[in-house]
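Undergrad: Dumping the structure here so I can ask a few things about it.
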Amino acid sequence: MDAQKPDVSRLRQDATTIFHAALTAVDPEEAVRRHLRIEGDTLTVEGWSHDLTRCERIFVVGAGKAVAPMAQAIEDLLGDRINAGVLVVKDGHGLPLKKIRICEASHPVPDERGVNGTLEILKLLEGAGNRDLVICLISGGGSALLIAPSDGISLADKQATTRNLLACGATIHEINAIRKHLSRAKGGQLARAAHPAAVLSLIL
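For the sequence shown, my numbering gives the first residue as 828, with consecutive numbering after it.
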């Protein structure tokens, strides 16, 4: 007896359903909505909570190719509670946001726009106080886009270093280890700049 032929139409339908479910699961905006909640005046995420009635200001900062849709979810959840924000994203990855400014910049080799956007973030965080909340959004590409060279290092130095690391086949972990030591914003320095504000990091 011949084996029963597979129902190709049903297989195609199942494959399409699986494909769309996978896209939804990794969608940056949906990921934030799944994990972040507003319950009354309390912001909660994965067991951590923050009383928004004790919060004077909320700032949103970050960098990466996917932080604009992440920020869109944050704006929908917090609305006018957000006071200001700055994000650095890859060219073509911005979105029209209401309270958060988008700075598009070059990736993976940094440019002056990335420097300016990162300096805006650092300046914004300088004014954060102990009753403020900083929401930091980081996604893939953030290490290349969050660019503020350390003292004595120029943008041209960082560009040349990045090109050399990419050309020699260095892994992303090796590249990021070097970037951290050439930066005023990476390796925990963004959190240091935000001190004494509370910092909530959402990392995709």
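Where is the CB? At the ideal position from N, CA and C, for every residue including glycine.
Below 8 Å CB to CB, which residues in the same chain sit around L937 once its five sequence neighbours on both sides are set aside?
TA: In the sequence on display, residue 937 carries Pro and not Leu. Around P937: A971, L972, I974, L982, K985, Q986 and T989.
Undergrad: Name the two residues that bound the continuous beta strand (DSSP E) containing R928.
TA: Where R928 is concerned, the enclosing beta strand (DSSP E) stretches over R928 to A932.
Undergrad: Excluding the 5 residues flanking P935 on each side, which residues of the same chain have their C-beta closer than 7 Å to its C-beta?
TA: Taken in chain order, the residues that qualify are A971, T989 and L993.
Undergrad: Could you give the residue range of the alpha helix (DSSP H) that holds G969?
TA: Here the alpha helix (DSSP H) through G969 covers G969 to L972.
Undergrad: For the pair the segment 998 to 1011 and the segment 1021 to 1028, tell me if three or more CB-CB distances fall below 8 Å.
TA: Segments in contact, no.
Undergrad: Is it right to say L960 is buried, meaning 16 or more other beta carbons lie within 10 angstroms of its own, or is it exposed?
TA: The residue is buried, with at least 16 neighbouring Cβ atoms inside 10 Å.
Undergrad: Taking the continuous alpha helix (DSSP H) assigned at H1022, which residues delimit it?
TA: Careful: H1022 lies outside any alpha helix (DSSP H) and carries neither H nor E.
Undergrad: Output needed for N957: all residues of its chain with C-beta closer than 6 Å, excluding positions within five of it in sequence on either side, in chain order.
TA: Correct list, in chain order: P1023.
Undergrad: In the DSSP assignment, the alpha helix (DSSP H) including E1001 goes from what residue to what residue?
TA: From DSSP, the alpha helix (DSSP H) with E1001 extends over I999 to H1008.
Undergrad: Should R861 go down as buried or exposed, given a rule of 16 or more other Cβ atoms within 10 Å for buried?
TA: R861 comes out exposed.
Undergrad: Let me make sure I understand the geometry here. Which of G921, Q899, D907 and V888 has the alpha-carbon closest to that of E857?
TA: When only C-alpha atoms are compared, the closest one is Q899.
Undergrad: Pick out the complete alpha helix (DSSP H) segments inside the segment 831 to 862, 4 residues or longer, and give them in chain order.
TA: Runs of the alpha helix (DSSP H) inside the segment 831 to 862: 835 to 852 and 855 to 862.
Undergrad: Taking 8 Å as the cut-off, does the segment 936 to 956 touch the segment 872 to 881 (at least 3 CB pairs, one atom from each stretch)?
TA: No, because fewer than three Cβ pairs between the segment 872 to 881 and the segment 936 to 956 fall closer than 8 Å, the two stretches do not touch.
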